[in-house]
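Read in order, the letters of the sequence shown are residues -23 to -1, 1 to 564 in mature numbering (1 follows the signal peptide of the UniProt record, and there is no 0).
C-beta atoms are modelled at their ideal positions from N, C-alpha and C, and glycine is treated no differently.
Each remark here refers to the structure printed beneath this line.
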Amino acid sequence: MRFLRHALPFALACALVLPSAHAAELVPPLSEMQPSPQRLAPFVQRYLRDADSVEHVHDIRFGTRREAALEALYTGWQARLAEIDYDSLTLEDRIDWQLLTRNLARNLRGLEFERKRYKDAESLLPRVSSLIDLAEARRALEYPDPQRSAQTLERARKAIADQVAALDAIEKDDKRKPTAILANRAAGILDATRASLKEWYGFHAGYDPLFTWWNRQPYEALDPLLGDYAKALRDRFAGGSGPESIVGDPIGREALMADLADELIDYTPDELVKLAERELAWCEDQMRIAAKEMGYADWKQALEAVKLRHVAPGEQPKLALELAHEAIEYVEKNDLVTVPELAKTDWRMTMLSPEAQLQAPFFLGGTDVWVAYPTDGMPFDKKMNALRGNNRHFSRAVVHHELIPGHHLQHFYNSRYQPHREQLSWTPFWGEGWALYWEFLLWDRGFAATPEDRIGMLFWRSHRAARILFSLGFHLGELTPQQAVQLLVDRVGHEPENAAAEVRRSLQGDYGPLYQAAYMLGGLQFYALHKELVDSGRMTDRAFHDAILKGGPMPVELVRARLLDAPPPRALKAQWRFYDLDGAAAR
């Protein structure tokens, strides 16, 4: 904090007195600001704004009105899209057509999936749908009948109270006892419904005397009961309700296959597991080589030595800034990518709270960078985990991933080039894959010159391979969250606390089922594309990387079509086998 108090104000003061020549560098040339010739970009932007409008009103989760409104929106835009003559479209317009087509199909599939999820948990949610109906009626600006509303609340209270009273019997009955997954899902629905109901009640109570007269008592009796019931479901059947519990909701093979097809990934989950095992084995071999150079016979001993090389408490922000400048200087010196002057300075630095570090124990980045490091109030063991997990060599491999040339540079370009694609078609295969791809490229270029730095990079590369194993294994029903944690400890070398936080974030955060696998898979796609276009001499590094950034987010197979100037066919299916499963691991 002392560094931030003194260094950052000084840096800002310097920025205010920049000479005019440098100030001019902050403004892009006119050639970068020409009107777009794309026909479908305004079409897509209108769809996105319409979708925002519908979701702004219909925001009650699991509501039937929400489902109907969104389904009408998506099918309506599908019909409008079908009216466009695909063969007359340019390459960029065909890509927009494909991206919108996939967005609409994915959203419709998501509505059906959510409906099934609710139905599967409905036996644990007596009369909850009637409470959702109340919340949706308020969104539709329908004024409630006070007495009938009170009756709805009271009936729900009685039904849920009866359910709570029956939990002992349910727990002993194998036929009625819910799985941890189903109990956790039902608890999540209860939490969402409770929040919606609180907003419904707060809108009327105190403003309408008759409404308040009828509904205060039943609402005040029902509200805590919803919370108690959700907690009971988690505590009895789902392993606990505390912030350190880990329970996910696997989607199964069929849904995984559908998601892979949507991302234009032409591999089965089993093939991807094979890929991950091969990459992880390569990392282990490289770890042994680096460990030997450090004088250790066991790579885990070398990893332990690297973990001890952390900066003192309070010094991590200074290290982050040092590493950020190092990465920017490296990519510019080697003419790898265009880094606009403004992109170098338009990010903030924030410390992650101890609570946030339960799900994010390392750096995070994008618009800004968030730093994970122990606070004075953390227990001793958690302090040591945070220090060891954010050592200098691990951090050196992460800062460029989160800032430049990774996520921050992506964010800068996404908001200025093809901005409609960021909301329409952002995918972790492009977003996380790009940032990880740079780890591959920098490794090949010798960016990690010492064995300690190589171990830092290999740790994260191993981590991304293990993410494929545990995320696919979990969603296929072959791996429990606890087994996923142990995998990260045993095969990657994570601290147990940090491994648990990673799995918790992966399975319980706002991440899609393929998100964790997408890091390495997307990185391998970009790596294969680099070999095809740059190593072959068809493009320079800078031209290749700039073209990807200026094209915006999309499945990487479409990035390939765009760079090859190969307009995708209307009936597009995944067909790019970017990884040789029978060959050597990627280098």
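When we look at the beta-carbon of residue i and count the other beta-carbons within 10 Å, is it buried (16 or more) or exposed?
i	result
residue 575	The chain is shown from -23 up to 564; residue 575 falls before or after that span and cannot be answered.
K152	exposed
G225	buried
Q194	exposed
Q140	buried
P14	exposed
I432	buried
P351	buried
L418	buried
G100	The question names Gly, but residue 100 is Ser in the sequence shown. Looking at its Cβ environment, which holds fewer than 16 other Cβ atoms inside 10 Å, S100 is exposed.
W74	buried
residue 565	No information on residue 565 is available, as it lies outside the stretch -23 to 564 that the chain covers here.
F389	buried
D559	exposed
S392	exposed
E306	exposed
T67	exposed
K550	exposed
L7	exposed
Q293	buried
Under the three-state reduction of DSSP, which class applies to residue i: helix, strand or coil?
i	result
G87	helix
residue 566	Examination of residue 566 is not possible in this model, given that the chain is present from -23 through 564 alone.
W347	strand
D64	helix
A(-3)	Only weak support is given to the placement of A(-3): the predicted model assigns it a pLDDT of 46, under 50, and the question is left unresolved by the model.
T352	coil
N367	coil
residue 583	This structure cannot speak to residue 583, because the chain is shown only from -23 to 564.
S13	coil
T322	coil
N311	coil
H377	helix
G450	helix
H433	Note that residue 433 is Gly in the sequence shown here, rather than His. Three-state DSSP puts G433 in a helix.
G560	coil
I166	helix
R171	helix
P428	helix
K149	helix
D358	helix
W553	coil
V480	helix
L418	helix
R547	coil
Going by beta-carbon coordinates alone, are residue i and residue j separated by less than 8 angstroms?
i	j	result
I72	L446	no
N80	L506	no
F339	N367	yes
E44	R92	yes
D27	L50	yes
A133	L47	no
R482	A337	yes
I223	L484	yes
A209	L144	yes
C260	L435	yes
W437	F503	no
L237	A320	no
A495	V469	no
S126	W191	yes
A207	D168	yes
G499	Y394	no
Please report the residue range of the beta strand (DSSP E) in which residue i lies.
i	result
W403	It is not in any beta strand (DSSP E) - W403 carries neither H nor E in the DSSP assignment.
M326	M326 to M328
Provide the residue span of the alpha helix (DSSP H) that contains residue i, from first to last.
i	result
D105	Note that residue 105 corresponds to Val in the displayed sequence, not to Asp. It spans V105 to R116 - the alpha helix (DSSP H) in which V105 sits, taken as one unbroken run.
G514	Counting along the chain, G514 falls outside any alpha helix (DSSP H), and DSSP gives it neither H nor E.
R393	R393 -> no alpha helix (DSSP H), and no H or E assigned at all.
residue 613	Lying outside -23 to 564, the shown extent of the chain, residue 613 is not represented and no answer is given.
I228	No alpha helix (DSSP H) contains I228, which DSSP labels as neither H nor E.
W54	T41 to A59
G500	Y492 to H507
A268	P246 to M271
T129	P123 to A142
Q336	Taken as a continuous stretch (DSSP letters only), Q336 belongs to no alpha helix (DSSP H), as it is neither H nor E.
V4	That residue, V4, is in no alpha helix (DSSP H); it is neither H nor E in DSSP.
L464	P458 to L464
V469	First-last for V469: undefined, no H or E at that position.
E281	W276 to K284
Could you tell me if the beta carbon of residue i falls within a distance shorter than 7 angstroms of some heavy atom in the ligand ZN?
i	result
L329	Looking at this structure, you won't find the ligand ZN or any other ligand, since it has none at all.
Does the beta carbon of residue i sit closer than 8 angstroms to a beta carbon anywhere in chain D?
i	result
I305	The structure shown contains no chain D; it holds only a single protein chain.
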